[in-house]
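K.L.:
Dropping a structure here in structure tokens format, bear with me for questions.
There are 2 protein chains.
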Amino acid sequence: MERRSFIKNAGLAGIFAAGAAPAIVMAQTNIRWRLATSFPKSLDTIYNAAKVFSDRVSEMTDGKFQISIHVGGELLPALGVLDGVSNGTVECGHTIPNYYIGKDPAFALDGTIPFGMNTRQMTAWMYEGNGLTLTREFYRPHNILNFPMGNTNAQMGGWYRKEINSLEDLKGLKMRISGLAGRVCEKLGVVPQNIPGGETYQALEKGTIDAVEWVGPYDDEKLGFYKVAPYYYFPAWWEGGGQFALYVNTQAYDALPAAYKSIVATAASHAHLTLQASYDALNPGALKRLVAAGAKLSRMPQPIMEAAFRESNALYEELSDTNPAWKKIFADYSAFRRDQHLWFRFAEAGFDQFMQQQKL
Amino acid sequence: MERRSFIKNAGLAGIFAAGAAPAIVMAQTNIRWRLATSFPKSLDTIYNAAKVFSDRVSEMTDGKFQISIHVGGELLPALGVLDGVSNGTVECGHTIPNYYIGKDPAFALDGTIPFGMNTRQMTAWMYEGNGLTLTREFYRPHNILNFPMGNTNAQMGGWYRKEINSLEDLKGLKMRISGLAGRVCEKLGVVPQNIPGGETYQALEKGTIDAVEWVGPYDDEKLGFYKVAPYYYFPAWWEGGGQFALYVNTQAYDALPAAYKSIVATAASHAHLTLQASYDALNPGALKRLVAAGAKLSRMPQPIMEAAFRESNALYEELSDTNPAWKKIFADYSAFRRDQHLWFRFAEAGFDQFMQQQKL
């Protein structure tokens, strides 16, 4: 309002001198960024989230703010997005925070942890709880501003060559699983395997490994695991919702005009929403096809879930004792999680459980 | 790209004639819209979604696109948003599609129906299924472009002066409930009551009515129903997720520069996401306070759920027989719903159920 009345009072010369001139500058702000995604095009839902983000930014700026997308390996290694954004090799990246737990396990609190929050709960914590504030404080020394940008939603617990009926069946099980989940699995007797993605199918076929965890029906289907390891367990207790992040280099962000800053944040929200929606829309059909092709759906035995839960809590206590960043963020995360699960058991679960029993 | 090389080749005169001039026009496109919300400020989460939307539009346009917000009753009656946007009294509005089922029950398919989709499923249908396409086709004769803009998430089944243990207890029950849910309730013997919001508490206190349904813990708490009708049932089988809509007048939208169109759509996505997140973040605390204050949480008896489910399906068949718009949209909606509930019972429910059993 103040600016408008200033222009009104300044007369025509004033409009061009003080009013329109900054507007021209803004309209001419042509910006080109590069986005490194950790993902190949074959993971189309995830890859596409970066494209949805970039397309929206372009549309909202009349094409003046262009963000090119570079697949994993093109500019940066798939797991090098954090470093590349941090040091300004690229202005931004789309990745999984859990990739960086080797640097600090607390990255996982921006992604997913065993028995963590589900998709909606995590979104609520990030946007309407303290999640964004706390994780941004954590990222600051890395020179990164983070935005939630998508979630796999609850994942499946992987493909097994043999049935898993008890904790005994986990002893010595060679499974492709990593991160915090791998550490918990190890406590249960699993022998976590680190095998390049492209070699996993063959290793499973040959029996070099006994099991693999990947994502959910839509992504799993493409890799054909059901042909060689048909026991398909649910849920992935280690990924009740796997959140992706947009990382933006702090200096690149700070150099943006104010409107473009808001455009980046809002386009990221849109991509966050639509990646979740994509998985929800695509998983049911894939699950039906997998079952028709021979996948044997099985519930992860309760004793395994309970043992994994105990070991996860022990790990979190250990991390809280030794890692101040973890301690600070996890205290807030776990209090929010407790309240969320308390509330979800009533209206949400009551409604869903009834619907799941019906013939629709 | 083409435009850029055209400018490059046109020289300086060309820039002003063909290149920069449209940019100046765009940068100077000062637009003022009015948004009529159906809601009072006291419903702060819902009211705030319109503000989140408007603030983002302003931020992303450097203040050049301003949308003022007008509470229910200020420019239009709370239930007059559809007509007001349709005839151009205001450029846009934030409302509940279910308010307009008197004109056509098919509006509810953009909002919520008894035993319909939950929040995430509805979002998936709108954004990644056929929901947006089908509902937009339906709205076209009303001169409206619709965007999902928020959801209450699964609602609670209301406050009752007495326990409800069986279908018998519904016979003659005077309950404030309306819309399609009211029609189904009527089949079960309930006598739906239409009482102005402001008089509901008193009517419940005096026993003029026996029960009332409202939203969920956060909104219900403000009205104090727990003091006079302490039996608090879950879930609201009629509102597994109540979606709000942004209505935009078609001519007003068409007159926007392309970038502003995308800005409207993307700001609406952000408000959709954050209203859902608000409810998730706020409901747990409110539920705890309500229980501490004496609310008696009770599960809606299974026979009532089942009878209501049967009556709802009968109503949908009747509507499909008599209403082509309903038939077309519901066919797609119900197929999507079937697949969603099929999928959600595995990884999502398996994970959530385990978590809900744990001491966190």
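Chains as they are written, first to last, in our numbering: chain A, 1 to 360; chain B, 1001 to 1360.
From the three backbone atoms N, C-alpha and C, an ideal C-beta is built for every residue, glycine too.
So what does DSSP say about A:W159, is it helix, strand or coil?
P.N.:
strand
K.L.:
Name the chain B residues that come within less than 8 Å of A:Y316, Cβ to Cβ?
P.N.:
Result: empty, since nearest Cβ-Cβ is about 11 Å, beyond 8 Å.
K.L.:
With 8 Å as the threshold, decide whether the Cβ of B:A1127 is near any Cβ in chain A.
P.N.:
The sequence as given places Tyr at residue 1127 of chain B; Ala does not occur at that position. Chain A contact via Cβ: present.
K.L.:
At the 8 Å Cβ level, is A:P97 part of the contact set with chain B, yes or no?
P.N.:
So no, A:P97 is outside the interface.
K.L.:
Using the beta-carbon of each residue, which ones in chain B are nearer than 9 Å to A:Q358?
P.N.:
F1115, E1306, F1309, H1341
K.L.:
In chain B, which residues lie with their C-beta within 7 Å of the C-beta of A:F344?
P.N.:
Contact note: A:F344 reaches chain B through D1352, Q1356, using a C-beta cutoff of 7 Å and chain order.
K.L.:
Along chain A, in chain order, which residues have C-beta atoms closer than 7 Å to that of B:P1266?
P.N.:
In the sequence as displayed, the identity of residue 1266 of chain B is Thr instead of Pro. Within 7 Å Cβ-Cβ: R56, M60, T266, A267, H270.
K.L.:
Decide if B:E1091 is buried, meaning its Cβ has at least 16 other Cβ atoms within 10 Å, or exposed.
P.N.:
buried
K.L.:
What's the C-alpha gap between A:F330 and A:L76?
P.N.:
30 Å
K.L.:
Count the other CB atoms within 10 Å of the CB of B:N1165; is the residue buried (16 or more) or exposed (fewer)?
P.N.:
exposed
K.L.:
Excluding five sequence neighbours on each side, which residues of the same chain lie with their C-beta closer than 6 Å to the C-beta of A:G88?
P.N.:
N249
K.L.:
Kindly list, in the order they appear in chain B, the residues whose Cβ is closer than 9 Å to that of A:L297.
P.N.:
F1346
K.L.:
Strictly by DSSP, which residues pair up with A:V212?
P.N.:
Per DSSP, A:W159, A:R176.
K.L.:
Kindly say whether A:G329, judged by its beta-carbon, lies nearer than 8 Å to any beta-carbon of chain B.
P.N.:
It should be pointed out that residue 329 of chain A corresponds to Ile in this sequence rather than to Gly. Chain B, which has no Cβ nearer than 8 Å to the Cβ of A:I329, makes this no.
K.L.:
When you measure from the CB of B:L1180 to every non-hydrogen atom of the ligand HEM, does any distance come out below 7 Å?
P.N.:
The ligand HEM is not part of this structure, which contains no ligands at all.
K.L.:
Distance, Cα to Cα, B:F1344 vs A:Q356?
P.N.:
8 Å
K.L.:
Express the C-alpha separation of A:A277 and B:Q1340 in angstroms, rounding to a whole number.
P.N.:
Put simply, the backbone Cα of B:Q1340 is about 11 Å away from that of A:A277.
K.L.:
Taking 8 Å as the threshold (beta carbon to beta carbon), is A:P196 in contact with chain B?
P.N.:
no
K.L.:
According to DSSP, is A:T29 helix, strand or coil?
P.N.:
coil
K.L.:
If you reduce the DSSP assignment to three classes, tell me which class B:K1296 lands in.
P.N.:
strand
K.L.:
Taking 8 Å as the threshold (beta carbon to beta carbon), is A:D280 in contact with chain B?
P.N.:
yes
K.L.:
Assuming B:T1152 and B:E1239 make a contact with CB atoms under 8 Å, what is their CB distance in whole Å?
P.N.:
7 Å
K.L.:
Label A:A21 either buried or exposed according to how many other C-beta atoms from any shown protein chain fall within 10 Å of its C-beta, with 16 as the threshold for buried.
P.N.:
Interpretation of A:A21 is limited by its pLDDT of 37, a score under 50 that renders its predicted location unreliable; no figure is taken from the coordinates.
K.L.:
In three-state DSSP terms, what is B:A1335?
P.N.:
helix
K.L.:
Among B:D1254, B:P1230, B:M1175, which residue has its Cα nearest to the Cα of B:A1203?
P.N.:
B:M1175
K.L.:
If we ignore side chains and look at the alpha-carbon of each, how far apart do B:F1225 and B:N1283 end up?
P.N.:
Those two C-alpha atoms are separated by around 16 Å.
K.L.:
Does the beta-carbon distance from B:I1096 to B:G1242 come in below 8 Å?
P.N.:
yes
K.L.:
Tell me whether A:K206 is buried or exposed, calling it buried when 16 or more other Cβ atoms sit within 10 Å of its Cβ.
P.N.:
exposed
K.L.:
Examine chain A for any beta-carbon lying closer than 8 Å to the beta-carbon of B:R1120, and answer yes or no.
P.N.:
With a threshold of 8 Å between beta carbons, B:R1120 makes contact with chain A.
K.L.:
Go ahead and pull the three-state DSSP assignment for B:F1346.
P.N.:
Looking at B:F1346 - three-state DSSP - the assignment turns out to be coil, as it is neither helix nor strand.
K.L.:
Quick one: what does DSSP say B:P1324 is sitting in, helix, strand or coil?
P.N.:
In the structure shown, the three-state DSSP call for B:P1324 is helix.
K.L.:
Please report how far the alpha carbon of A:I69 lies from the alpha carbon of A:R34, in whole angstroms.
P.N.:
6 Å
K.L.:
Who are the neighbours of A:A124 on chain B, taking C-beta pairs under 7 Å?
P.N.:
A1277, D1280, A1281
K.L.:
If you run the structure through DSSP and keep just helix, strand and coil, what is A:S58?
P.N.:
helix
K.L.:
Does B:A1349 have its Cβ less than 8 Å from a Cβ in chain A?
P.N.:
Yes, B:A1349 counts as interfacial toward chain A.
K.L.:
Please name the residue or residues paired with A:F234 in a DSSP beta bridge.
P.N.:
A:R299
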